[in-house]
Every structure is written in structure tokens, then in C-alpha cells.
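J.: As given, the protein sequences belong to chains Y and P, one line each in that order. First residue of the first sequence? That's 82 in the numbering used here, and the numbers climb one at a time after it. First residue of the second sequence? That's 1052 in the numbering used here, and the numbers climb one at a time after it. C-beta atoms are modelled at their ideal positions from N, C-alpha and C, and glycine is treated no differently. The structure presented is a predicted model; accordingly, all values stated were derived computationally and were not measured.
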Amino acid sequence: MTTPELVAIGTSLGGLNALTALFKALPERFPVPIVVVQHRSLSPDGGGLTQLLQEHARLTVVEADDKMSLEAGRVYIAPADYHLLIEEPGMLALSTDAPVRSARPSIDVLFQTAAEAYGAGLVGVLLTGASADGADGLAVVKARGGRAIVEDPATAECRTMPAAALAATAVDYVLPLSKIGEYLVTLVEGTRA
Amino acid sequence: MSDAPFNEFNVILCRNVMIYFNRALQERTHRLFYDSLGTFGILGLGSRETLRFMPQEPLYEPLVPGEKLYRRIA
């Protein structure tokens, strides 16, 4: 099995609670970088989400800047009103291109660009949400040989987003929220032992 | 980008344009901006853009904490 090199997470409605629960399960020395698109409002309080998530995470949580380098053990949050892209392995980029499916940042944009950069080394994770964003992106993750994990709609605060992805793509794992963090650790650390 | 500096500016605002450039072209752009700014001239970038990874970083100081406004100091 290919060793995962990047974890990309997408979520919308209910995402703050879901990400908080997920990050509690991840160790400080998680061996790969994590990139996150959480749909969010355009409040001027740009760092609020990042700070909230940091309070519950042992990992270091930062808001993404353009052309930031990706480092293991860090979580990069898409800033409000920008798309977050993977420019090349190890590097982020931002864009102000038009919203995709009414969303900016768009989960599809992150998943597609991450899949192009990382191929089989990518793990895509889709959590709770109230739109179908992420379904197309997760299909690209699979087409490029990466792994796809979707939250069990039964445990999702809003089942629309995980259900849309499950309808669109044969994903690798459907897991309750409480198991996803633990599973990521097993997947990422297990394959590099 | 192939032009030489054509003026000495006091203020250059360039927001959310260089995010579409790769790092090499960003460096060229920052060199041109630096050469086109007078000493103590101001450079304004987009809210998620940064000088942090550029060779010109030590040549500027932040003008307002938390904002992407920089003053050329060298």
C-alpha cells in the first residue's frame, strides 16, 4: 500500500464540532500535514476558526497563506473567501477564482488539486455538511489512486454531504466520526512502520 | 514582468494577483516592486499573501501589525 503523504479534510455545516472531535484524536507528532476546507462565513474575524480549533488540537493549527510550505504535524485551514489549492507536493496556493457550487473555499477544488499533486499518497476525508461539495473531488481522489474516507451519515450533524459523496463514489471507508481520527493514525503510522 | 523599474513610487498596492504566480515569478515581481519603491515606500498585499518566503523580506518592516502593509526600510 502506498504510504499516505497528505490528509485533506472537507466539511461544512457541523464541521466545527466534527473537526474538534477529530483533532482530539490526533497526536502532536502526526507524521503528515493536514489541509482543511471548512465552509465558513465572511466574518472579518478571520482567525477565529483557527484559534477555536487550536484549543482542541495537539497539532499546530494555522490559517493558510499563499505558497506556504506543508510540514508534518501541522493543520492548514483554508482562509475565508479563498480557494485552497495544492500547488505542488509540499506547497499550498490560494485563489480568488469564482465560487464552485456556491462555495469559496471549495472542497472539490482542494480535493482535485491535492489528488493531482499527491495521487495515491492522498487521503481524502469528507465529514458533515449541508451541500454536495466534495463529492466530485472525492471521485478524483479515488481516480488518482488515493484513499477516500467518508463520515457515516448516521453520525453526521448534517448527512447531506457525506451521503452525496457515498452516492457518487465507491469510497474506501465509511466510519463513525468517533473512529476517524483513530483510523487516520493507524493508516498513516501503520504504513510507515 | 520583463520591464525594468519605470518610476519611483511611494505606494504600491498589489492584492490577490501574485497568488496566481508560482514562487519564482513572485520573486521576480517582488524584486521589481522593491526596485520601484522609494525608501520608506509602502507595499500593500492581499490579506493572505506574505513576504515571508521572499528574499526581499528583510528589506521591509510591517507597517501595521496584522495587516499586509510593509514599508521599505533598506
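Between Y:Val113 and the ligand PLP, is the CB less than 7 Å from at least one heavy atom?
T.: The ligand PLP is not part of this structure, which contains no ligands at all.
J.: Output yes if chain P places a C-beta closer than 8 Å to the C-beta of Y:Thr141; else output no.
T.: Not closer than 8 Å to any Cβ of chain P, the Cβ of Y:Thr141 fails to qualify, so no.
J.: With a threshold of 6 Å on Cβ separation, who are the neighbours of Y:Ala244 within its own chain once the five nearest residues in sequence on each side are excluded?
T.: Cβ neighbours of Y:Ala244 beyond the five flanking positions: Pro234.
J.: Closer than 8 Å, Cβ to Cβ, to anything on chain P: give me those residues from the stretch 168 to 193 of chain Y, in chain order.
T.: Correct list: Glu168, Met172, Ala174, Leu175, Ser176 and Thr177.
J.: Check whether the stretch 1054 to 1071 of chain P and the stretch 250 to 262 of chain Y are in contact - that is, three or more C-beta pairs closer than 8 Å.
T.: Cβ pair count under 8 Å is below three, so no.
J.: Is there a C-beta anywhere in chain P that falls below 8 Å from the one on Y:Pro160?
T.: Taking Cβ atoms only, chain P reaches closer than 8 Å to Y:Pro160, which makes this a yes.
J.: For the beta strand (DSSP E) containing P:Gly1095, list its first residue and its last residue.
T.: Counting along the chain, the beta strand (DSSP E) containing P:Gly1095 begins and ends at Leu1088 to Leu1096.
J.: Would you kindly check if the distance between the Cβ of Y:Leu208 and the Cβ of Y:Ile90 is under 8 Å?
T.: Cβ atoms of Y:Ile90 and Y:Leu208: closer than 8 Å.
J.: Closer than 8 Å by C-beta to Y:Glu86: which residues in its own chain qualify, once you throw out the five before and the five after it? Chain order, please.
T.: Same-chain partners within the cutoff: Val113, Pro170, Tyr199, Gly202 and Leu203.
J.: Are any of the Cβ atoms in chain Y nearer than 8 Å to that of P:Tyr1071?
T.: With 8 Å as the cut-off, P:Tyr1071 counts as an interface residue toward chain Y.
J.: If we ignore side chains and look at the alpha-carbon of each, how far apart do P:Val1113 and Y:Asp253 end up?
T.: It should be noted that the sequence gives Pro, not Val, for residue 1113 of chain P. Roughly 47 Å separates the two Cα atoms.
J.: Could you compute how far the alpha carbon of P:Ala1125 sits from the alpha carbon of P:Tyr1111?
T.: Distance between the alpha carbons of P:Ala1125 and P:Tyr1111 is about 7 Å.
J.: What do you get for P:Val1068, buried or exposed, if any count of 16 or more other CB atoms within 10 angstroms of its CB means buried?
T.: Classification for P:Val1068: exposed.
J.: Do the CB positions of Y:Val118 and Y:Thr141 come within less than 8 Å of each other?
T.: Not closer than 8 Å, so no.
J.: Compare the C-beta of P:Thr1080 with all C-beta atoms of chain Y and state if any pair is closer than 8 Å.
T.: Output row for P:Thr1080: interface = no.
J.: Please confirm whether Y:Ala198 has its beta-carbon closer than 8 Å to some beta-carbon of chain P.
T.: Not an interface residue.
J.: Between the C-alpha atoms of Y:Gly205 and Y:Glu270, what's the straight-line distance to the nearest angstrom?
T.: Those two C-alpha atoms are separated by around 16 Å.
J.: Check the C-beta distance from Y:Val222 over to Y:Phe192 and give it rounded, since I have them as a contact under 8 Å.
T.: Sure, about 5 Å apart at Cβ, within 8 Å.
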